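Visitor:
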Amino acid sequence: MVEKANSVQQALDQAMSLKVPLKIHEAMCYSLLAGGKRVRPALCIAACELVGGEEASTMPAACVVEMIHTMSVIHDDLPCMDNDNLRRGKPTNHKVYGKDVAVLVGDAFLAFAFEHVANATRGVSPARIIRAIGELARVISIEGGGGGAVVDIQSEGLDLGEKSRRRSGGSGEE
27 MVEKANSVQQ
37 ALDQAMSLKV
47 PLKIHEAMCY
57 SLLAGGKRVR
67 PALCIAACEL
77 VGGEEASTMP
87 AACVVEMIHT
97 MSVIHDDLPC
107 MDNDNLRRGK
117 PTNHKVYGKD
127 VAVLVGDAFL
137 AFAFEHVANA
147 TRGVSPARII
157 RAIGELARVI
167 SIEGGGGGAV
177 VDIQSEGLDL
187 GEKSRRRSGG
197 SGEE
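Per this note's numbering, the sequence shown starts with residue 27, numbered consecutively.
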């Protein structure tokens, strides 16, 4: 697992080659390259290997998993959401770069993730890349993270059972 995490870190470093404007690039790197266990991308690689795939062909997808996760925590840390001050032992993105830049950084990660998986994936058929992009869109849209975040906001103060019912769509709420 540690080897996979190190491979992911190297791939993320390469993916984040200098981009302009510099401030948004710096803010993106601050959060994405801050370290961590890289469990999500390591699991992505392991799942690919379980079905006979190779690490190199799945690395762009693994990086995208980390980019999307980073986007979600940047947005989740904002004052209008959880208002967290620390992430991985460091000040959160909005504390360092401001709320406006943090929102834009999260948005930039969303677009960059799609760009990265489309342009960096090698040795995989275009049909599979398109399918992966579609699945990525599904899991971060209303059916996935985006919808789940709204349910979390609306469920504040509810007991765990009611939160679970709302997340699974059993509340009848719109």
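Every residue, glycine too, gets a C-beta built ideally from N, C-alpha and C.
In this text, all values refer to a predicted model and were calculated from it rather than measured experimentally.
Roughly how many angstroms lie between the CA atoms of Val150 and Glu161, to the nearest whole one?
Guide: 16 Å
Visitor: Measure the C-alpha to C-alpha separation of Asn5 and Ala41 and round it to an integer number of angstroms.
Guide: An answer regarding residue 5 cannot be provided, because it is not within the stretch 27 to 200 covered by the chain.
Visitor: As an exercise, report each continuous alpha helix (DSSP H) stretch of at least 4 residues that is fully enclosed by the segment 44-95, in chain order.
Guide: 48-58, 65-76
Visitor: Apart from the five residues just before and just after Asn32, which ones in its own chain have a Cβ nearer than 6 Å to its Cβ?
Guide: none
Visitor: For a test of the three-state rule: what should DSSP assign to Leu104, helix, strand or coil?
Guide: If DSSP states are grouped into helix, strand and coil, Leu104 belongs with coil.
Visitor: Under the rule that 16 or more other beta-carbon atoms within 10 Å means buried, what is Pro47, buried or exposed?
Guide: exposed
Visitor: Taking Cβ to Cβ, would you say Ser43 is nearer than 8 Å to Asn119?
Guide: It is not a contact, given that the beta carbons lie outside the stated cut-off.
Visitor: Can you tell which of Val28, Met54, Ala88, Glu81 has the C-alpha that lies nearest to the C-alpha of Phe135?
Guide: Met54
Visitor: How far does the alpha helix (DSSP H) with Asn32 in it extend, from its first residue to its last?
Guide: 28-41
Visitor: Is it true that the segment 62-74 meets the segment 85-100, where meeting means three or more beta-carbon pairs spaced less than 8 Å apart?
Guide: yes
Visitor: Would you mind reading off the limits of the alpha helix (DSSP H) that contains Val127?
Guide: 125-146
Visitor: If you measure from the CB of Asp102, is any heavy atom of the ligand ZN nearer than 7 Å?
Guide: Inclusion of the ligand ZN in the displayed structure is not the case, the ligand content being empty and no account of it being possible.
Visitor: Assign Cys74 to one of two classes, buried (16 or more other C-beta atoms within 10 Å of its C-beta) or exposed (fewer than that).
Guide: By the Cβ-count criterion, Cys74 is buried, with 16 or more other Cβ atoms from all chains shown falling within 10 Å of its own Cβ.
Visitor: Would Val143 pass as a contact of Ala153 if the rule is Cβ separation under 8 Å?
Guide: no
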